Amino acid sequence: MAKRPKPEFRSAALAEALERQDMAAVAFALRNDRMVVPLLKPGQRDKPTDTGEVWMYRQPETGRLALLLFSDAAHKPAALPPFIGLHDGLWLHTFLRTHGDDIEAVFFDIAGPHPMQASPAEILRVLDL
346 MAKRPKPEFR SAALAEALER QDMAAVAFAL RNDRMVVPLL KPGQRDKPTD
396 TGEVWMYRQP ETGRLALLLF SDAAHKPAAL PPFIGLHDGL WLHTFLRTHG
446 DDIEAVFFDI AGPHPMQASP AEILRVLDL
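Per this note's numbering, residue 346 is the first one in the sequence shown, and the count goes up by one each step.
Dropping the structure here:
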């Protein structure tokens, strides 16, 4: 039985859009490519659609949540859980429709090299186009 190739945990399109700080390009990358998402636990290997539970940052002063997304697994800070998943724009749209009221902000590459922030409503707007 042939081994499946390991997925590449990066999105060149999202990285380029973040470098330009161009929300239209970020939207295009989110709709047409994947993003790296931190997880609390790994997905099950025998169920490729099970990608584990998404980890979010809870702000101590307000209790509000922030969703952290990355263009490259190398940009994920080591302090976050070690597990990651790859998700696409459809997943993000569904996730924000379900949990968006509890999320204050969506951060891209929060530790750099080109961080960007948007509200869940703004991300939903650009994914709805």
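Just so you know, even glycine gets a beta-carbon here, dropped at the ideal spot from N, CA and C. Since the model is a prediction, treat every value here as computed from it, not as a measurement.
Assignment of beta-bridge partners to residue 383 by DSSP yields 429.
Minimum Cα-Cα distance from residue 362 among the listed residues 433, 381, 445, 416 corresponds to 416. The C-alpha of residue 429 lies about 8 Å from the C-alpha of residue 418.
For residue 398, no beta strand (DSSP E) segment is defined, and its DSSP state is neither H nor E.
For residue 469, the CB contacts under 8 Å within the same chain, skipping 5 residues up- and downstream, are 438, 441, 442, 445 in chain order. Beta-bridge partners assigned by DSSP to residue 366: none are found. By the neighbour-count criterion, in which 16 or more other beta carbons inside 10 Å mark a residue as buried, residue 474 falls on the exposed side. DSSP places residue 468 in the uninterrupted alpha helix (DSSP H) bounded by 465-473.
Among the bridge pairs identified by DSSP, residue 441 is matched with none. Using a Cβ distance threshold of 8 Å, residue 460 and residue 451 do not count as a contacting pair.
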